[in-house]
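Quick note on numbering: the sequence shown equals residues 2 to 308 in our numbering. The beta carbon of each residue, even a glycine, is placed where N, CA and C say it ideally should be. First up is the structure itself, then whatever we jot down about it.
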Amino acid sequence: MPPVPHGWYAVLRSGELRPGKVVSLHYFGRALIAFRGADGRAAVRDAHCPHYGAHLGAGGKVVDGTVECPFHGWRFGADGRCTHAPFAVRTPKVSLGGFPVREHSGLVFVYYGPTAPPWEVPDIPETADRDFATPIDDVCRARIHIQEMRENIVDESHFHFIHGQSEPPVQDLRPDGPFAEVRGRIHRRVLGRDINNTFDVFMYGPGVMVVRVLGPVLSLTAVALTTPVDDRTSEMRMLYYVRKPARLPFLAPVLKLVFRAEALREVREEVRIWDHKVHQPRPVLLPHEKGIRALRRWYAQFYPADV
Numbered sequence: 002m003p004p005v006p007h008g009w010y011a012v013l014r015s016g017e018l019r020p021g022k023v024v025s026l027h028y029f030g031r032a033l034i035a036f037r038g039a040d041g042r043a044a045v046r047d048a049h050c051p052h053y054g055a056h057l058g059a060g061g062k063v064v065d066g067t068v069e070c071p072f073h074g075w076r077f078g079a080d081g082r083c084t085h086a087p088f089a090v091r092t093p094k095v096s097l098g099g100f101p102v103r104e105h106s107g108l109v110f111v112y113y114g115p116t117a118p119p120w121e122v123p124d125i126p127e128t129a130d131r132d133f134a135t136p137i138d139d140v141c142r143a144r145i146h147i148q149e150m151r152e153n154i155v156d157e158s159h160f161h162f163i164h165g166q167s168e169p170p171v172q173d174l175r176p177d178g179p180f181a182e183v184r185g186r187i188h189r190r191v192l193g194r195d196i197n198n199t200f201d202v203f204m205y206g207p208g209v210m211v212v213r214v215l216g217p218v219l220s221l222t223a224v225a226l227t228t229p230v231d232d233r234t235s236e237m238r239m240l241y242y243v244r245k246p247a248r249l250p251f252l253a254p255v256l257k258l259v260f261r262a263e264a265l266r267e268v269r270e271e272v273r274i275w276d277h278k279v280h281q282p283r284p285v286l287l288p289h290e291k292g293i294r295a296l297r298r299w300y301a302q303f304y305p306a307d308v
């Protein structure tokens, strides 16, 4: 499979990173930790202490905005630099590796790449909009590259076999540098009713996608976060924000239950397929299956030039 594409990835929801706590993570084939510095800002650094290799997330603690090693008490700031080493005449000039971090829309993002981030993920307004219910939070992992998780949204034919649509949807992918938009329509039956919804997809690099579905019965915003775990496994975190009915907002929990019953079952079916498929660099595509080709052309920009 291809290497990790360069871009922004969500590694935590903001509420999962409480002040004074160290959170262990594992993404990009690396053991990582997250904590909040003295100013409350999130930091994501490598997990192992350069002194003697202890894992800072296994017994480490936050002291005055730094993370303290549980083995010998060395401390590291949010920028990764060592700030204190007990019994040392001079503070060692060593640092923990890490990532550029941004926090907004209730998420902690890191940038994976060889340079400073050349672009930013826009705010996602629904995450703080009271017209939307608290999100359904669904996390799964599969033995698949994150690119193929993204290709799922433009795989026209699978909408019939997995999602019950009578015909493959007509889609239009519009690239704009590191961003892209896809517009289409979903027509299917849910609980005996015909549902005819439009959907607008906004892609922000290789790891963040926002899907806005609008319809007479159900409108929602799905935030799809795909992050590489290692060279064999990827994580997909879906946050579904259901819009509360304008005149009957108390029905939002019912809509969430219906959506959970219908949609999450289909997601699990996709994950089972992903776990056993292989990457086809040159798939045999039918004439109407234009989305995968278009997305691969756009997605190629996030890989190193020699790939």
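Contact between Arg-144 and Thr-199 does not hold, since their C-beta atoms are separated by about 33 angstroms, which reaches or exceeds 8 angstroms.
DSSP assignment within the region 188-245 yields the following whole beta strand (DSSP E) runs of 3 residues or more, N-terminal first: 194-205, 209-215, 221-229 and 235-243. The alpha carbon of Tyr-113 has as its nearest neighbour, out of Asp-177, Pro-136, His-164 and Val-230, the alpha carbon of Val-230. Partner residues in the beta bridge of Leu-26, as assigned by DSSP, are Leu-33.
Pairing Ala-253 with Val-243 gives a Cβ-Cβ distance under 8 angstroms. According to the DSSP assignment, Ala-89 belongs to no beta strand (DSSP E), since it is labelled neither H nor E. For Ala-264, the secondary structure class from DSSP, reduced to helix, strand or coil, is helix. If you look at Phe-303, you'll find it isn't in any beta strand (DSSP E); DSSP assigns it neither H nor E.
With a cutoff of 8 angstroms on beta-carbon distance, Pro-6 and Gln-148 are scored as near each other.
Using a Cβ distance threshold of 8 angstroms, Trp-120 and Pro-170 do not count as a contacting pair. DSSP places Phe-160 inside the alpha helix (DSSP H), whose first and last residues are 159-162. With the rule of 3 Cβ pairs closer than 8 angstroms, the region 71-86 does not count as touching the region 14-28. In this structure, DSSP gives Gly-16 a helical state, which the three-state scheme calls helix.
Taken through DSSP and simplified to helix, strand or coil, Arg-294 comes out as helix. Residue state for Arg-273 is assigned as helix, using DSSP reduced to three classes.
Annotation for Pro-176: Trp-299 place their beta carbon closer than 6 angstroms to its own, counting only its chain and skipping 5 residues before and after.
Note that the region 25-37 does not touch the region 119-137; fewer than 3 beta-carbon pairs, one per stretch, sit closer than 8 angstroms. The Cβ atoms of Gly-292 and Glu-168 do not sit closer than 8 angstroms to each other.
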